[in-house]
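The numbering of the sequence shown is this note's numbering, which starts it at 387 and goes up by one.
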Amino acid sequence: MIRIAVVTDIHHHATHGKSALHSLADFVVWANTEKPDIVLDLGDRITDVDKQTDMRLQREVAEIFAELEAPVQHLCGNHDRDNLSVGENAEILRTGLDNTVIDLGDWQLAVWRADTRFTYHETNAGFVLPEADLRWLSQMTQQVDKPTLIASHIPFSGHSQIGNYYFERNAEYSTYPQSQRIRAAIAQARVPLACIAGHVHRNTVTTIDGIPHLTQQSLTECFTTGGEPAHAWGLLKLGSKLEWQVFGNDPFELRLTPSRKRSPAPLAPFVFEQRA
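In structure tokens, the structure reads:
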């Protein structure tokens with residue numbers, strides 16, 4: 387089986403000392419012991435402050451990632467982008483940050499680095515998905531010829547945020563406004579797909595059109611763990627089945643069989659006759 391180690395939403399911050407870095411260092415020790423085929427960093431490595439501080443925080447995180455023995459694929463989260471460009475993140479991490487597809491053998495990994503910069507406007511705040519990113523994803527899923535894991539920072543399942551500390555009352559910021567178009571784009575694939583994202587700081591699974599959408603808990607989140615950091619990271623195993631285990635103080639386990647079958651279009655709204 388293909389084995390992918392996953393960490394997300396590290397949120398290293400100037401006022402939190404080195405706690406996030408200590409947790410990240412623990413993840414690196416674990417990953418070097420487990421020897422996965424690849425490591426996925428789904429973004430939000432820092433909590434933004436200002437450009438100068440963010441540069442320093444990103445460098446501190448990058449120094450720890452550099453100790454990993456397995457190859458790493460990084461994505462940018464919204465906090466990585468508030469004060470820094472994609473290019474500045476790439477320079478610090480010493481890697482490219484374009485959309486890419488990686489052949490893993492029986493599966494492939496599509497690293498969808500769609501823009502995650504949050505737009506702060508009083509009347510129209512939120513995420514803006516560039517058409518170029520949507521076209522890339524649509525073309526990739528039309529051409530794919532083997533099972534594919536799609537990794538992104540922001541989920542696009544549109545799943546319920548009820549019970550989520552951050553997003554129950556702010557669900558519009560948990561995904562892209564074009565999430566329905568994104569789901570329609572990936573539904574074109576004729577092979578099994580699975581999606582994994584961060585951003586919402588919660589372990590979840592939502593199946594749409596036969597495609598499981600996973601979101602993984604933040605490394606340092608504490609709203610589900612009674613005030614203690616979640617210390618969460620995951621291991622995905624991809625073969626004839628998909629197995630996902632999240633370790634730490636907010637554990638989660640999942641095993642399923644991805645399908646290439648898509649769901650029929652949903653029924654029209656029910657119409658009921660008036661009764662006297």
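From the three backbone atoms N, C-alpha and C, an ideal C-beta is built for every residue, glycine too.
Per DSSP, the continuous beta strand (DSSP E) segment holding His460 begins and ends at 458–460.
DSSP places Lys623 inside the beta strand (DSSP E), whose first and last residues are 619–624. By the neighbour-count criterion, in which 16 or more other beta carbons inside 10 Å mark a residue as buried, Phe656 falls on the exposed side.
For Glu614, there is no enclosing beta strand (DSSP E), as DSSP marks it with neither H nor E. In this structure, Thr601 and Lys627 do not form a Cβ contact; the two beta carbons are roughly 20 Å apart against a cut-off of 8 Å. The three-state reading of DSSP puts Asp519 in helix, counting H, G and I together. According to DSSP, residue pairing for Asp427 in a beta bridge involves Val393, His460.
The Cβ atoms of Thr502 and Gly429 lie closer than 8 Å to each other. Going by C-alpha positions, Thr401 is about 11 Å away from Leu443.
If the five residues before and after Ala511 are omitted, its C-beta is found closer than 7 Å to the C-beta atoms of Thr505, all from its own chain and listed in chain order. Where Ala580 is concerned, the enclosing beta strand (DSSP E) starts and stops at 579–583.
DSSP places Ile450 in the uninterrupted alpha helix (DSSP H) bounded by 437–451. With a threshold of 16 other beta carbon atoms within 10 Å, Asn550 meets it and is buried.
In the three-state reduction of the DSSP assignment, Val514 falls in the coil class.
By alpha-carbon distance to Thr561, the top candidate from Thr481, Gln574, Gln547, Ala496 is Gln547. Shown here, His402 sits in a helix according to DSSP, grouped into three states. Judged by DSSP in its simplified three-state form, Trp416 adopts helix. In the DSSP annotation of this structure, the continuous segment of the alpha helix (DSSP H) that includes Val472 starts and ends at 472–479. Pairing Thr394 with Asp492, the inter-Cα distance amounts to about 25 Å.
Here Glu508 is not bridged, per DSSP, to any residue. Taking a 10 Å sphere around the C-beta of Asn556, we find fewer than 16 other C-beta atoms and assign the residue as exposed. In the DSSP assignment, Arg641 is bridged to Glu629.
The C-beta separation of Leu479 from His539 comes to about 14 Å, leaving the pair out of contact by the 8 Å criterion. The bridge partners DSSP lists for Thr534 are Gln494, Leu579.
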